[in-house]
Structure formats: C-alpha cells, structure tokens
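Trainee: Residue numbers (our numbering): 6 to 105.
(1) Using 8 Å as the threshold, is the C-beta distance between residue 6 and residue 40 below it?
(2) Restricting to runs no shorter than 4 residues, where is the alpha helix (DSSP H) found entirely within the stretch 11-47?
(3) If you draw a straight line from the alpha carbon of residue 23 to that of residue 35, how long is it in whole angstroms?
(4) Do residue 83 and residue 99 count as a contact pair if the criterion is CB distance below 8 Å?
(5) Ends of the alpha helix (DSSP H) at residue 83?
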C-alpha cells in the first residue's frame, strides 16, 4: 500500500492536525515506511503461537472490598458526603443531563 500527499492531508484533517505542505511531503515517506514494516510483520509465521496479553504472567494482588463503619475506611458516612453535594437525589450525587 502506498500513501500519497492527498491521503496524508486527509488523515491530518481527520485527526484535526494543522500540517504545512512541507510537513505533508515529509510525512509521506515516513508513513510509507511504517506501512512497509507492518506488511513485513504479516509475513512472519505465527502458526501454533498463542496470543498473549503480557510478556510476564502477572496476577493482581487485590485487597478485600469491605466497607466499614469507620470514617477512615470510607463507609457509613453517606449523608455527610452528600451534604457537600450541590444536588443530591435518592442518596446519590445529582448531575446535569449532558445527552439528549
């Protein structure tokens, strides 16, 4: 796949980037080089290789999800927290509607 100046200008427009004509000309070979590298990756034989999410297997250490009555642990003070809210509705923070 080959990219020309018009394609780079279209990509810049979609990304809302202001790019000069000189910068457009400089980006053409850079993007073509990136695409050539990606096409080269497609030639690698990966049969029998399982996809992975990380190089090192890692498990998150999770703490117990416990709400206590102690104010230091964050539980049992809903009414005190909502007293600071500009608008509280049914025990929750009231927020303005943003989507019609």
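Just so it is clear, CB atoms sit at the ideal spot from N, CA and C, and this is done for glycine as well. Computed from a predicted structure; not experimentally measured.
Mentor: In short:
(1) Contact flag set, yes.
(2) Whole alpha helix (DSSP H) segments, 4+ residues: 26-46.
(3) Approximately 18 Å between the Cα atoms of the pair.
(4) Contact annotation: residue 99 and residue 83 have beta-carbon atoms that are not nearer than 8 Å.
(5) Where residue 83 is concerned, the enclosing alpha helix (DSSP H) stretches over 83-87.
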